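Worksheet: one structure, shown below.
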Amino acid sequence: MIVRDGREVLVPAPGPAEIPPTWHAPDGRVLDPVTGRPAADWRVATDGRLILITPFEQRSYDELAAARAEALSEWEAVA
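Residues 6 to 84 in our numbering are what the sequence shown spells out, letter by letter.
Next comes the structure, spelled out in structure tokens:
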């Protein structure tokens, strides 16, 4: 709980997949707790979870659009 403007505000406890705020870099990268430097493949999701992004997982816009079109086609075929 914290006090803001004289009122008590309940702050939820970190979830099991969240990382400590001291590991967050301002640009969304993750700081290595040992070296204090940004870890190349790790990012902090908007909800505070730690996520790994490797070059294999990074897709171009065209690849994402094609994957979406394929998923929609499969979904419509089943529906």
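The beta carbon of each residue, even a glycine, is placed where N, CA and C say it ideally should be. The structure displayed is predicted, hence computed values, not measured ones.
By the C-beta density criterion, Val39 is exposed, having fewer than 16 other C-beta atoms within 10 angstroms.
Take the alpha-carbon of Glu79 and the one of Val14: they are about 47 Å apart. About 27 Å separates the beta carbon of Ile24 from that of Leu69, a gap too long to meet the 8 Å contact definition. For Glu81 and Gly33, the gap between their C-alpha atoms comes out near 36 Å. Residue state for Leu55 is assigned as strand, using DSSP reduced to three classes.
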